[in-house]
Structure formats: C-alpha cells, structure tokens
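Comments concern the structure below.
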Amino acid sequence: MKKERFCDMLRELSVALDILGEDKYKVQAYRRASSSIKASQLKFELDKQPESIRFFEEKLVSLPYVGKKIAAKAIEFINEGVFSEYERVFSKIPISLIELSSVQGLGPKKIRKLWKELGITSFDDLYRCLEDIDCFDRFKKLIGKEAKKIKENVEFLWTSKSEIPAWIVLDLLIGILGDLPFDSPGEGGVLIAGELRRGKETVSQYVPILYTSDTFFDSIIAKIRSNFKYNRLDESGYKIAVFRGGVKRDVVLRFIKYGENDRGWKFIRYTGSENHLLRLQEIASCKDPYFFSSSKFYGLEEKDIYNYFALPFIPPEVRESGEEIDMAADGALPPLVSIDDIVGDFHCHTNASDGWHDIEEVARLAVSKGLKVIAITDHSKSSFMANGLSEDRIIEHIKRIKTADSKIEGIKILAGAEVDILPDGSLDFGDDILSMLDIVVASPHFKLDQTPHDATARIIKAIKNRFTDIIGHPRGRILGKRKGIEIDIREIALCAKIHNVALELNSQWMRLDLDSDALKIVNEVGALVAINSDFHSRKDFLNSFYGVKVARRAMIDKKVCINCWSEDAVAKWLSRKNG
DNA sequence: GCCGTTTTCGGCCCGACTGTTTTCAGTCG
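Counting in the numbering used here, the first sequence runs from 12 upward without gaps.
Quick look at the structure:
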C-alpha cells in the first residue's frame, strides 16, 4: 500500500508541476517513474540498516525512468511518510486542484487560469461556478467557445460522482486487505459483499465488509488509521477520502460482524441486491423487514437458505432484478463462465509499444497464471502516444514473437496486433500486414465523439474486414472519465455473429467495456465474447477475475467465450479467414 | 527528472483537431 501511495503522490506531483508551468519533460519524468514503480515487483519495506537502504536504492535505480533523485524521494517517503518536494509543491498549489485534470477539455493551462482568475480550487467549486449564471459568464469569457462542451463534461462527471468506478474501491481494498475475498471468506473471515461481490462496474460509496475475527478487524482499522490521512469513523462505517481517479470520492467501509450461526443469511442479506431480497421475501409471502434474521435461517449456509426456498444456489453476480430467482426456479440459469475456465488471453501488450515487459516475460507470467494460449497484440502506428508499431517494426516484432513461441514451453503465443479502427472504419494496417498476423484485435482509440450512427457504421465496417478476429473495447469508455462512443450494440452483435468475430469484454478495471448490459444483448444474439486482460504490466492478469464477474452478470456461457477454448479450437476458429 | 552518451548536456512518443489569437496555443489520445 505504501508503494501505491508513493506512486499516487508522484502522479499528483506531475499534474501539479504541469499546472504550475514547469518543464513538460520533468512532468513526464514524474509520470513515467510513477508507472514504472507501480509495474515493478519492488516492495516498499525497509529497515534502517545502511546496507538495506543501499540495496533498496540500487533496486529502484535499476527500474526504467527511475534515477537517483526519485529514489531518494522514495527513501524519504518510507522513513517520513511524505517527502519534502511533495510538501514544497503542495504548499504552493491546493491538492484539490488536481481533481480538475479529470475533466475532459481541461488541461494544465486552463486549470491554471480557472485557479488564478476565478479562484476555483476544486471540482465542486467548478461545478458550482458553472451552475451560477454570473460565474458561468466569467467562465465563458475566460475559456471561449469550448466552455459549453466543458460544462457538459463537468455535468457528466457530477452525475456519475455518486457512482464510483469499482476499480477505485478494488484498489483501495487490495491496499487494506491485501486480497479480494468475494467467493469465500479470507483471513479473519473477511468477505467483501454488496455490489462488488455482484461484479458491478460502478458502485455506491457504501461497501459492506463482513468479518468474524475481532483481532483481524482491529488490525485493519489500525492500518486504515496509519495509512490514510483523510479518514473518519462514524456510525455508518469507516469513511475514507480517495483521490484516485481524479475527482475526490468518499468511500465508506461498513464492517459487519458475523458468527457461525448467522453467516448464511448475512452473506445473502449484505450481497443484495434489494430487488433480489424482495423477490425472495415475496416467495415466502413475508413482509417482515427482519425476515432474514429470523431463527429459521440460523445455522444455515448461503446455499442451504436457497435450498429452503427450493432454489439452487444463485451466484452473486446474477442477483439483480429478481427475475433470476424465477429463472433458477425453472432450472433456466445457464452454467456461467468462471475464472478457472479462462485458459486464453488474446490482448497483451509488450514494451514494443506501451507495455512494461518483453515478449518472453509476458509469456512466462501467463504460464504462471495457468494460461495455455496468449496473443501478443501491440498497438498499430496511429496510436502514437502508445508508441504504436509501424509496418517495418511489426514485421520484425512478428518474427520475435515466433521465436519466443518456439522457445517457451507450456503456452502457445500468437502473433497479433491491436490495430486501430480509424474513424471511417478502415484498419490502421493494410491487408499485406494483416495477413501476416495470427490474430487481429481491432479497437477504436480516438475520435470517440462520433454520432451513434457514424460510430456504429465504423465498428460494423471493422467487423466486416476479413482479417478482424476481435473488436477490442468496442465503446472506448473510461469509467468516471469518458463516456465513449454510443453504438447500436444489437446491430453490431448480429454482424459479429455472421462474421464469426468476437466482441471484447476488456477487463482493464477502468474500461470494463463492453459492460454487462451490452453483453446481455450480445448473449441474446449469440455472438462470441472475448474476456481479455489488456495486459500492460505484471498485475494485469489479475484484471480478468473482475472481467469474469462482469461476464457472469450477463450470464455468458463458457461455450461462447473464446478464452475458455482449447488451443486447437482457437486455431480452428482463426483459420476461418484462410478459407 | 531521466537517459545516454561523442561523460556532461541535449533530447525526451507526436499528429490531429479545435477555435480563433489567421499562425498557433491548448488539448487529446
């Protein structure tokens, strides 16, 4: 958790220096160092021996983009909990100003203007200003014609403020618990319930956490107190202010104790959803609000309680509208994909574009995660920012992938690319290059403000390209930041089905794109689905577990999920374009 | 601030878009 905090601080520093008008390469250096340390395996633990400090410093400096100065800041941070450069900069600039950088259309220059000339120092300030006629007038004078668009973006963020992207809470909980127990209780009997257990992509600020052990609970609280500056315990739970993701969010961890006898119903009660619980009560013809705590459920496990209602166990992810209960009663719940079924990952980046590891490192990590087939899919040339590969570079890259494939045992490595879908729907590489690739993930990355009609036509055209195998993150949304394109998902799913193209559920926690509602439509139509990690760095193979939860919400069957297929089945599917 | 050297300082992923300041600054991906 210390490491994550330090990386966040470097990133905050980078944004602050940008607003203050510092050299842009210095700004970039802090940002890169933050990502580099985050992607590393380095642990932020240090005893005070000079030996171990020197060893730690050597490790830090060996990381890309980390030099002596940032290493010194890290050591200062570990010893003091903060570093002087951070304090120096944030004595000049309010920390809450950082929030404004998550508004689309506001860069460092405009943020500086808003701060210096309108006295706006936080996202809430900005929202209030835009709602006020006089203040909005001054805002328009300052910003010019883009003012209206920025106002829309602020309102989008404001309305989505009560919906916290799940990843922000997941990151927080990993920091506190070290693990994410959803299915069965972890250390101290801890089980994360609520919307996160149900795999929702955005959640409310209240996170129910169940536990049995008082000593473990005490250790968690001690950890929160020592590690979070902005926290407070009140009757609703432990409130922690999280700055991650730009806008400040209050997350409230509600700790609920359970024992041997009330475990079953508490798991059900605190997992929800409300509609699911109401439907269960309807079945029992009971209006008593304390229904679930009644003695008839004492000593029963979750599954036993469902049996009491003559139902099979209902997976948490599908407990939503209440209709799932009737489906379960009819035996109509399909077998759902599970994380253990995932043996393939068809969207992985290396340091040839914007990933952090080379081909062999990625493959070895994949082997250690139990994967049997992966696709290396670095960016194509139009993704300049991501160091996308030119035609010459991708040809060389394909050769390197083939070499790695022959060298590394226990996994099939496909030579692929994540090829940009250009605004008109054509792909960023010509047929000569596309035909050399084992697998093509076609994804939209820019010009994401098209009309629904144009955006749908763009994706449809990409599906119809005979070399396309998967449409990557079809909407291009970033949770809590960018809406992405609006597309006619039914039309796209129908087209994908005809052309035997898979639609991706990109499991990057900031994307989760397609979302579960869209996937329900894909499922109805019967098109193929790919649950991919969009691997960039070491921790990213973890992404898929939450992606799988989102897929389970949509009741995706493992038969249509290409990540569950054997190597032979994948090869057969990919060979269709040779016919 | 980092890197890679022609070892001590210059270069650092960059093209498209937008609006307006009509020649470029600001932002995005």
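Backbone N, C-alpha and C fix where the C-beta goes; we use that ideal spot for every residue, glycine too.
Give a yes or no on contact between the region 558-571 and the region 213-224, applying the rule of three or more CB pairs nearer than 8 Å.
-> Judged by Cβ distances under 8 Å, the region 558-571 makes no contact with the region 213-224, as fewer than three pairs qualify.
Measuring alpha carbon to alpha carbon, tell me which of A507, K492 and A343 ends up nearest M521.
-> K492
Return yes when the Cβ of S401 is within less than 9 Å of the Cβ of V430, no when it is not.
-> With contacts defined as CB atoms closer than 9 Å, V430 and S401 fail to qualify as a contacting pair.
Through-space distance from D273 to A466, alpha-carbon basis = 51 Å
Would you call the CB atoms of A27 and F101 closer than 9 Å?
-> yes
Residue range of the beta strand (DSSP E) that includes D356 | G355 to C359
Measure how close the beta-carbons of L223 and G270 come, nearest whole angstrom, since I'm counting them as under 8 Å.
-> As written in the sequence, residue 223 is Thr, which differs from the Leu given in the question. So it is a contact: roughly 7 Å between Cβ atoms.
Short Cβ contact (9 Å threshold) for I179 with R260 | yes
Beta-bridge partners of K423, as assigned by DSSP | V384.
Could you pull out every unbroken beta strand (DSSP E) segment of at least 3 residues lying fully inside the region 74-119, listed in chain order?
-> Runs found: none.
Let me know if R501 comes out buried or exposed under the rule of 16 or more other beta-carbons within 10 Å of its beta-carbon.
-> Residue burial is scored here from C-beta neighbours: R501 has fewer than 16 other C-beta atoms within 10 angstroms and is therefore classed as exposed.
List in chain order: all unbroken beta strand (DSSP E) runs of 3+ residues lying wholly within the region 408-471.
-> 423-431 and 450-454
Which of helix, strand or coil does DSSP assign to C572?
-> strand
Is DSSP giving D135 helix, strand or coil here?
-> helix
Integer Cβ distance of I405 from G427, believed to fall under 8 Å = About 10 Å separates the two Cβ atoms, so there is no contact after all.
Could you pull out every residue in the same chain whose Cβ sits closer than 7 Å to the Cβ of H510, ignoring the five residues on either side in sequence?
-> The residues are I474 and K475.
Give me the Cα-Cα distance between I86 and I64, rounded to the nearest whole angstrom.
-> 8 Å
Every unbroken alpha helix (DSSP H) within the region 147-184, with a cutoff of 4 residues, ordered by chain = The region 147-184 contains, as complete alpha helix (DSSP H) runs of 4+ residues, the segments 158-170 (chain order).
Beta-carbon proximity check, I424 vs I353, cutoff 9 Å | no
Roughly how many angstroms lie between the CA atoms of K120 and A565, to the nearest whole one?
-> 43 Å
Work out the CA separation of I109 and L168 for me, nearest whole Å.
-> 15 Å
Alpha carbon to alpha carbon, how far is E91 from Q60? Give it in angstroms, no decimals.
-> 16 Å
Evaluate the contact criterion for the region 528-547 versus the region 308-324: three or more CB pairs, one atom per stretch, below 8 Å.
-> The region 528-547 makes no contact with the region 308-324: fewer than 3 CB pairs, one atom from each, lie closer than 8 Å.
G483 and N543 closer than 9 Å at C-beta | yes
Contacts around N409, its chain only, beta-carbon distance under 8 Å, and the 5 residues preceding and following it disregarded | The amino acid occupying residue 409 in the given sequence is Ile; Asn does not appear at that position. Excluding sequence neighbours, I409 sits near A426, M447 and L448.
In this structure, does DSSP put K268 in helix, strand or coil?
-> strand
Between the beta-carbon of K268 and the beta-carbon of L221, is there less than 9 Å?
-> yes
Got a sec, what are the start and stop residues for the alpha helix (DSSP H) E15 sits in?
-> K13 to I30
So who's on the other strand from P219, going by DSSP bridges?
-> Per DSSP, R265.
Under the three-state reduction of DSSP, which class applies to S391: helix, strand or coil?
-> It is a strand residue.
What are the partner residues of I203, as DSSP defines its beta bridges?
-> By DSSP's assignment, I203 forms a beta bridge with I220.
Nearest residue (CA-CA) to S306, options N286, K103, H368 and K277 | Out of N286, K103, H368 and K277, K277 has the C-alpha closest to the C-alpha of S306.
What do you get for S364, buried or exposed, if any count of 16 or more other CB atoms within 10 angstroms of its CB means buried?
-> Under this definition S364 is a buried residue.
Just how far apart, CA to CA, sit K418 and N362?
-> 19 Å
Candidates I185, L111, L347 and P105: which alpha carbon is nearest P326's?
-> L347
Find out if the Cβ-Cβ distance for the pair I573, A513 is shorter than 9 Å.
-> Against a cut-off of 9 Å, the Cβ pair of A513 and I573 comes out as a contact.
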